[in-house]
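Number of protein chains: 2
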Amino acid sequence: MINLENSIERIRDLLADEDSLEHLRQELDGYHSADLADIFLELKSDERLACFQLIEEEKAVDLLEYLSPQIQVEILGEIDETQASRLISKMPHDEAADVLGDMEDDESETYLDKLPHKFSSELRELLKYDEDTAGGLMTPLVLTVNSDMTVENVMKTIRIKAEKDNMDLYYVYVVDKQNHLLGVVSLRTLLTSPITQNVSDIMSRDIVKLHVDDYRDYIADTFMKYQFNALPVVDLYDRLKGIVTWDDAQDVIEEETTEEIYASSGIATEVVEDNILSGSILNAVRARTPWLFITLLGEFLAVYVANHFDHAIQALPIIAVFIPLLVGLGGNIGTQSITLMVRGLSTGEVTLSTAVHHVFRETSIGLLIGCIFGFLVIITTWGWQRNFELGFIVGLAMAINMMLATIIGTVTPFALKKIKIDPAVASGPVITTAIDVIGLAVYFVLVSAYLFECRIA
Amino acid sequence: MINLENSIERIRDLLADEDSLEHLRQELDGYHSADLADIFLELKSDERLACFQLIEEEKAVDLLEYLSPQIQVEILGEIDETQASRLISKMPHDEAADVLGDMEDDESETYLDKLPHKFSSELRELLKYDEDTAGGLMTPLVLTVNSDMTVENVMKTIRIKAEKDNMDLYYVYVVDKQNHLLGVVSLRTLLTSPITQNVSDIMSRDIVKLHVDDYRDYIADTFMKYQFNALPVVDLYDRLKGIVTWDDAQDVIEEETTEEIYASSGIATEVVEDNILSGSILNAVRARTPWLFITLLGEFLAVYVANHFDHAIQALPIIAVFIPLLVGLGGNIGTQSITLMVRGLSTGEVTLSTAVHHVFRETSIGLLIGCIFGFLVIITTWGWQRNFELGFIVGLAMAINMMLATIIGTVTPFALKKIKIDPAVASGPVITTAIDVIGLAVYFVLVSAYLFECRIA
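As structure tokens, this is what we get:
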């Protein structure tokens, strides 16, 4: 891969000098489009535009595909409209539909009107589907053949069709006259079969396929599981409508992972349409407050519990200063357990049938770490306050708290999964709050018992 | 996809009845290997073994590839050794090497000795590479041709070689006599070019390639970025040694994401060799304690800060009970900011050049949410304790704390990235502790100022 900082510096130097535009053109031409996309991300708007207009058309189309929707729309909006429509018309259907889908309606209409009729009607068809479904992700250009064709005829068809339409080529799909999907042949099988053979003899009839309305999480799971290069997309009547290729699926998988990670820190992406990093601030606030609000309620419960022991705090104010230590470490080890289980459930490394095993395992780990940290706390507190009993109470509360935190952190994801709620939401807010409340209760009960002892003695 | 629970129930029923083994065989035969792998994950050891022995050899090989290393080794260890070697010998090289790599050395030696000589020496070659490098991930079976061959000759070569060696076929690699990589031709280009053309005329010379020693994170990034189906792997002298295919890269990407997620909750996977979910408990403890220990130190700092204000706590014990509320919510909103920045940096949606923009954006969001939550706290506390001044102090501390938390949570990942430390470690432990310490300091300063006012008045 390239050294991004050096490349950008060189490009900026060339941009600054009007005489070196030809050099700049050559420099830009030397990069892979994926690298150029990385460079464009770091450039300022006007620099991007200046560079983009130096790149030859074929590469510009390729580059557009690698750019993020915001930058695509920004560049296309600033260049000449005719040039923009020509670039869009050369993009693969699914990419072009994505670009148009990210524009305002009237803007995309302008482009659609300028595009060749066949292409624009195919795009309008794609734009009908929800962009989060297989229909929205697919490209309608598929290589289809009839079941009575020979391998030799199929090869000829490929030569003509694939060449003309710039289509992705992973599999050849066998369909009947009404376009019902009958079978699939990989290029590999095609290339290694006798040329006189019928495709119906070599095609696979067990077809893993997507439905136009299948949602992104299902698409991501299906690609992760079966690891095909492309999956056919059919409508309600099993008619072939298009294919979703692995690079599109790759993007979906990445976005699904992002949502899972967001959910784990209580960011609810599903409540807003916008991109949470670049959309309106009010929408970002809306996505972030629901779980914070639940935390607020939970923490008021913790406040309520602690308030029950205000006599203990008055009698021995030092006990209050240990509260952050207790809830902080309990929360952290609990979050570790949650993270391990949620990710494990998501990748399939952990399953409901192994839940009991994992609960016991995590409990042992929690107990072990709890004892280590409890001991450290006893020593430190004793060394600091010269008060062994205080240290012992804090240390004991710490050990119990850490063990309880691992148990809660392990059981909850399984329980949520069992009742079919996404376990990712267990992470973060709700559970750390529960651990806070329970941890405080344990601590104060221990402290009260100790104070009671003192009063008796 | 299949209904897992129903399938398992049906299989268990058939297993229970000795007369229905033939039915079971048919039932198992009806599943895609990826589905069977899911089913196997849920079955008990003895059930797995019983089912495995009913599956015909070709499908068994395919199934093994989808199973996790633990289950692969378990099954191969329990079936007949000769049968096991035969199954291994039919697996793709990279998968076979993975299976053997997961075994104890003497066990894998037994199998290597039983395998056909050519295959076992190729496997020994692969086993030399670190399994986390391109050398360890690649398959050595690559379709290579010479640059002076015509398209027609290449097609003939494919027919012979690909058929015989069961090789993955995405691209054809053009090499010289010493196997130096000269160019690459996609099957698509091959199928759409005139058959008399020379491959040197249609091959691409700008080759994105991996080096045998490239590490998994680099491999994952390269595949994510360029989105190729397969990448060639070369040695120090640019000689072609094998290819890494996208399905292997997919697994690597998933594992890299898992490590990133683990790191965010302070689980240090790099300190232990074991799988953290299934390895020894002591190693799991070792992976989880380092960051907890840092948290312990940090929280003792929080305790130390709070202890400076013990006169305030003694004067007004109720202020102590609000500590969990303050640190809990500050920690949560700070974690949200960290999560957004760390994930954004990892996917490329956020870059160092946009850091200032994101810091301002997050600060505004923190301020806005802080005001909302501060207001809620003022009202609730006033309603509960009928003490407006107390509520005001807690609410104000909350608002300041939440804003500071977003600032710290946003700035830190960028700062770490700038000094080339993985920003994922910023998440969780260190920063939440910092937020705790600063939040407490703000709170107690406000409380002390209030108490001072009271005393004067």
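Residue numbers (the numbering used here), protein chains in the order written: chain A, 137 to 593; chain B, 137 to 593. All C-beta atoms in this analysis are idealised placements derived from N, C-alpha and C, irrespective of residue type, glycine included. Nothing here was measured: the structure is a model prediction, and the numbers come from that model.
Asked, Found
"Complete beta strand (DSSP E) runs within the stretch 142-191 of chain B (minimum length 3 residues, chain order)", "none"
"Alpha-carbon to alpha-carbon, G464 of chain B and A173 of chain B", "42 Å"
"Supposed contact pair M538 of chain B and F509 of chain B - C-beta distance, whole angstroms, cut 8 Å", "6 Å"
"8 Å Cβ cutoff met for I417 of chain B and I501 of chain A", "yes"
"beta-carbon I474 of chain A near the ligand FAD non-hydrogen atom, thresh 7 Å", "This structure does not include the ligand FAD; it has no bound ligands of any sort."
"C-alpha gap between V578 of chain A and F436 of chain A, whole angstroms", "17 Å"
"Neighbour flag for Y398 of chain B against chain A, beta carbons, 8 Å", "yes"
"Those residues which DSSP pairs with T381 of chain B across a bridge", "B:A366"
"Inter-stretch contact (C-beta, 8 Å, three-pair minimum) for the stretch 162-180 of chain B and the stretch 198-209 of chain B", "yes"
"DSSP state of R422 of chain B mapped onto helix, strand, coil", "helix"
"Whole-Å CB distance - T545 of chain B paired with I567 of chain B, under 8 Å assumed", "According to the sequence as given, residue 545 of chain B is Gly; it is not Thr. Indeed they touch by this definition, with Cβ atoms about 6 Å apart."
"Per-residue contacts from S500 of chain A into chain B (C-beta, under 7 Å)", "I417"
"Within-8 Å CB hit, N468 of chain B to chain A", "yes"
"Helix, strand or coil at R375 of chain A [DSSP, three-state]", "strand"
"Unbroken beta strand (DSSP E) run spanning T246 of chain A, endpoints", "It is not in any beta strand (DSSP E) - T246 of chain A instead sits in the alpha helix (DSSP H) that spans 241-250."
"Selection from B:D349, B:Q363, B:N365, B:D383 that minimises the alpha carbon distance to L372 of chain B", "B:D349"
"Residue(s) in a DSSP beta bridge with T319 of chain B", "Note that residue 319 of chain B is Gly in the sequence shown, not Thr. Paired residue(s): B:V310."
"Reduced DSSP category for V478 of chain B - H, G, I as helix; E, B as strand; rest coil", "helix"
"Neighbour list for V369 of chain A in chain B, Cβ cutoff strictly below 9 Å", "Near V369 of chain A there are no residues of chain B at all, since even the closest Cβ is about 15 Å away, more than 9 Å."
"Cβ contact (3+ pairs, closer than 8 Å) linking the stretch 450-469 of chain B and the stretch 242-249 of chain B", "no"
"Cβ contact check for the stretch 360-377 of chain B and the stretch 309-318 of chain B: 3 or more pairs under 8 Å", "yes"
"Closest Cα partner of G415 of chain B within the set B:Q206, B:D383, B:L532", "B:Q206"
"Option nearest F364 of chain A by Cα separation, candidates A:Y354, A:V370, A:T381", "A:T381"
"Range of the contiguous beta strand (DSSP E) that encloses V281 of chain A", "280-282"
"Residues near E396 of chain B by beta carbon distance below 7 Å, same chain, minus five either side", "S482, A560"
"Same chain, Cβ closer than 8 Å to K297 of chain A, neighbours up to 5 away in sequence not counted", "L279, M303"
"Same chain, Cβ closer than 6 Å to I343 of chain B, neighbours up to 5 away in sequence not counted", "V320"
"Buried/exposed call for Q187 of chain B, threshold 16 Cβ in 10 Å", "Looking at the sequence provided, one finds Cys at residue 187 of chain B rather than Gln. Answer is buried; the Cβ neighbour count reaches 16."
"Chain-order list of residues whose beta-carbon lies under 8 Å from that of E154 of chain A (same chain, five-residue window excluded)", "none"
"Proximity winner among A:P252, A:T569, A:L326, A:E261, relative to L462 of chain A (alpha-carbon distances)", "A:T569"
"Partner residues on chain A for Q450 of chain B, Cβ-Cβ distance less than 8 Å", "Q450, P453"
"Residue from B:G467, B:P565, B:V530, B:T332 with nearest C-alpha to G402 of chain B", "B:P565"
"Contact list for F436 of chain B against chain A, beta-carbon separation under 7 Å", "L461, T516"
"L262 of chain A beta carbon less than 8 Å from that of A220 of chain A", "no"
"Selected residue, minimal CA-CA separation from T218 of chain B, among B:D230, B:H229, B:E193, B:L326", "B:E193"
"H347 of chain B - partner residues in DSSP beta bridges", "B:V370"
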